[in-house]
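Colleague: Numbering (this note's numbering), first residue to last: 6 to 403.
C-beta atoms are modelled at their ideal positions from N, C-alpha and C, and glycine is treated no differently.
1. Could you check how far apart the C-beta atoms of residue 305 and residue 402 are, in whole angstroms? I think they sit under 8 Å.
2. Excluding the 5 residues flanking residue 338 on each side, which residues of the same chain have their C-beta closer than 6 Å to its C-beta?
3. Do residue 399 and residue 358 have their C-beta atoms within less than 9 Å of each other?
4. How big is the Cα-Cα spacing for residue 144 and residue 177?
5. For residue 373 and residue 363, what's the separation of their Cα atoms in angstroms?
6. Is DSSP giving residue 351 helix, strand or coil here?
7. Along the chain, where does the beta strand (DSSP E) containing residue 166 start, and where does it finish?
8. Leaving out five residues before and five after residue 332 in sequence, what residues of the same chain have Cβ atoms less than 6 Å from its Cβ?
9. Is residue 66 closer than 9 Å to residue 140 when the C-beta atoms are compared?
10. With DSSP as the reference, please indicate the residues paired to residue 256 in a beta bridge.
11. Please check if any C-beta of chain C sits within less than 9 Å of the C-beta of residue 234.
12. Just the C-alpha distance for residue 8 and residue 61, rounded to the nearest angstrom, thanks.
13. At what residues does the alpha helix (DSSP H) containing residue 369 begin and finish?
14. In terms of DSSP beta bridges, what is residue 231 paired with?
15. When DSSP labels each residue in this structure, what does residue 236 get in the three-state scheme?
16. How should residue 180 be labelled, buried or exposed, when 16 other C-beta atoms within 10 angstroms of its C-beta is the threshold for buried?
17. Buried or exposed for residue 87, please, with buried defined as at least 16 other CB atoms from any protein chain shown within 10 angstroms of its CB.
18. I need the DSSP call for residue 85, collapsed to helix, strand or coil.
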């Protein structure tokens, strides 16, 4: 959820003032409310849940409380007129922000099905007034239904507000979400088949391949003029020998002396990255792989993609696919087993996709279940680079 390219956590009072100064109109992803979230009556709760679910069921967006909409000929004009700020509706006192967040969390959790995750809150002080923003994600679990007081309704949003979905729209929303995931999986499969199943070049050791794919109906991004950003936002491959070139798929950062290490940016805003992680052979010619090198490489590539996405205003949700290929002759050392073939001699492991539904997600936490599968394939109970509190213990950006 962003406003003028900025995450809501980074918004300032100046950004709020610019909304009014520039008369930024309401849209399918932006709505103004003069007063704070009113939750004291059943009608208030239904209205709030309708506004929230409508955004989640459409493209996500921002509900901004504390900005009054202008009127023309007695009707709402659709653009902001005044920053009013919000007060506690019960007594007119200043709002207890933490208490408001807790109440909102409870109302959202208990009255939408399926549950909606990824909600963000941003209280912003504008002079002596408090503006409160709720960031609503575009949900992969849509459509969300209001379940409050047996009021089972689905809502969607247009530029002018919300409306109740009919049966056809509900059915289409369910099918659309399924198609997004299927399309991402097919994209990954095509890329694996086209580029990596048949090795026509030199025989390399094990390789980490990462695909990050924005989910949903997205517009093609314009990559003209983006060479320098790709060059600077993704890590150096070979000192002073990296280049960024256009190709049929989009933009590719690579080095002429390390062809199997690259970052490919696609026109749909997605990424394919590739890096060799087996560099040494033992006396009998077998490649040796260190499992933390796989997890560090995946997290490093994912981190830099998320920075690129932030820079280009490419927002969640994303699906991440990790693949480890060309591993047939590699081995690992497992403490209680000793030397053994990587994943019992499998040449390739294609891990299930994991979804990132927040732009500021904890990437090691998101990837932990995938890394557990990797370690289990090699005879370990779980990925042992997380501590007892679930914190990733390696510096994957070094």
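Modeller: Here's the rundown:
1. 6 Å
2. 344
3. no
4. 15 Å
5. 16 Å
6. coil
7. 166-169
8. 211, 347, 352
9. yes
10. 251, 270
11. Of the chains in the structure shown, none is chain C; there is only one protein chain.
12. 16 Å
13. 368-382
14. Paired residue(s): none; residue 231 is not in a bridge.
15. helix
16. exposed
17. exposed
18. strand
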